[in-house]
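> This structure is in structure tokens; I'll ask about it shortly.
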DNA sequence: TAAATTACCTAGGAGCATTAGGCAAACGTA
DNA sequence: TACGTTTGCCTAATGCTCCTAGGTAATTTA
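Chains as they are written, first to last, in my numbering: chain A, 1479 to 1667; chain B, 1479 to 1667.
Structure (structure tokens):
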């Protein structure tokens, strides 16, 4: 009964890899146990249950994504920062579709507060420092950016843009132009 | 063995109701059979399998949503049309969260082509007639609107905006102002 | 090296998806 | 109205996933 050396962290990382390979919704306790060559029941010493496992993967993904975005944002401002943020987000979803899906998992309030989701909103706010927005416009703009980036990646990944010939690259680039223009000329209340 | 009178349509409608009550991901063949007081196996004379059932619910939701949007759009143009479209979409998600989730189901290419998703993109394009956009800007704007509305509703429903005091109503209204302004001043390529 | 810990196992129950084959209710028709 | 056909729902059975309880052997600690 050679021990494999399981622990919560290894399970989480392997779960994230599995998610990227087969989709986050197909990450199951069984599939993960299979991957380690152990019985399902063995995982329950390390994670509480299936939900716990998924939450851990989501938190890992949020951290990774926040790190990437932070790195991309370093030393940039204005439209440069906007594009860096947006591209880091979209590229992550492209390279790690399963993890990106995991990051969309609904966390309960406390878990969310302790997660990297906080850094995400802080960084989104940081972008807006390059533009001239006072509250509550800044909050509205944060929400607009979050919605648009999330929505674009979600629809693009779902194939919703495939029915039209224009490449999603070109549209993406023009949408960044448009958002930059909008932030520079945010309408008065 | 009194017959209950099942058929694909009744199952689909009941499935949609169930989705609104307990969430689309909790719509299972078993749960639906339970609701009709029949055995699981009985449903398989009417729907091919679980995936088929979910697809039918998704198609129903897309139809309903398209009908609502069409009604809201009738006789409106410009910002009026933009707001009507956006509000119809958001209100539907609010009133029918399970169906809205169903409408996000990824359909295979052929199914999507035969669905009301086509009407959705046509109607989004129709909104833009009130603005002065030539291709490929129009396509880019269609994609922007779709992304933003979808993203906003998804994040709002997931509770992502709850950490900030500003109401999501106020932000929504200002985002519509902002999008209107953006469409009127779409940046040159 | 003995004791305590713990990593993984076996066994088993419950729910969901699905197929095969059966019986009786409903329907069409003579 | 009786007869045959269709079909709606059933029983039975399999396989997969989630999860708990309790055991044994490998590892760590004293």
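From the three backbone atoms N, C-alpha and C, an ideal C-beta is built for every residue, glycine too.
For residue 1493/B, which residues from the same chain have a beta carbon less than 7 Å from its beta carbon, with the 5 sequence-adjacent residues on both sides left out?
For residue 1493/B, where only same-chain residues beyond five positions count, the Cβ hits under 7 Å are 1505, 1510, 1531, 1535.
> Count the CB pairs spanning the segment 1637-1652 of chain A and the segment 1612-1626 of chain B that are closer than 8 Å, and state whether there are at least three.
Touching, yes, given that three or more Cβ pairs across the two stretches are closer than 8 Å.
> Take residue 1593/B as the anchor and find which of 1552/B, 1533/B, 1605/B has the nearest alpha-carbon.
Of the listed residues, the one whose Cα sits closest to residue 1593/B is 1533/B.
> So that I know if they touch, is there some Cβ in chain B lying closer than 8 Å to that of residue 1594/A?
Residue 1594/A does not count as touching chain B.
> Would residue 1535/B pass as an interface residue toward chain A - the criterion being a Cβ-Cβ separation below 8 Å?
Not an interface residue.
> Nearest by alpha-carbon distance to residue 1655/A: which of 1546/A, 1526/A, 1582/A, 1556/A is it?
Of the listed residues, the one whose Cα sits closest to residue 1655/A is 1556/A.
> So the candidates are 1527/A, 1616/A, 1611/A, 1605/A; which of them puts its Cα closest to the Cα of residue 1553/A?
Of the listed residues, the one whose Cα sits closest to residue 1553/A is 1605/A.
> Say whether chain B places a C-beta atom closer than 8 Å to the C-beta of residue 1462/A.
Outside the shown range of chain A, which is 1479 to 1667, sits residue 1462/A, and nothing can be said about it.
> Taking the straight line between their C-alpha atoms, what separation do you get for residue 1541/A and residue 1488/A?
Computed Cα separation, rounded: 16 Å.
> Taking contact to mean 3 or more Cβ pairs, one atom from each stretch, closer than 8 Å, check whether the segment 1494-1503 of chain B and the segment 1565-1577 of chain B are in contact.
Yes, the segment 1494-1503 of chain B touches the segment 1565-1577 of chain B.
> Skipping 5 residues on each side, what residues in its chain have a beta carbon closer than 7 Å to that of residue 1490/B?
If we look at residue 1490/B and ignore the five residues flanking it on each side, its Cβ neighbours are 1534, 1535, 1538.
> Can the beta-carbon of residue 1562/B be found closer than 8 Å to that of residue 1608/B?
Cβ atoms of residue 1562/B and residue 1608/B: not closer than 8 Å.
> At 4 residues or longer, what runs of the alpha helix (DSSP H) sit wholly inside the segment 1522-1576 of chain A?
Runs of the alpha helix (DSSP H) inside the segment 1522-1576 of chain A: 1528-1551, 1556-1573.
> Using only the alpha-carbon positions, how far apart do residue 1633/B and residue 1495/A sit?
Roughly 25 Å separates the two Cα atoms.
> May I ask you to report which of helix, strand or coil DSSP gives residue 1587/A?
Here residue 1587/A sits in helix by DSSP.
> With a CB to CB cut of under 8 Å and the five nearest residues on each side skipped, what residues in its chain are close to residue 1616/B?
Taken in chain order, the residues that qualify are 1603, 1606.
> In three-state terms, what does DSSP make of residue 1500/B?
If DSSP states are grouped into helix, strand and coil, residue 1500/B belongs with the helices.
> Select from the segment 1550-1569 of chain A all residues with a C-beta closer than 8 Å to any C-beta belonging to chain B, and list them in chain order.
Listed by position along the chain: nothing, the set is empty.
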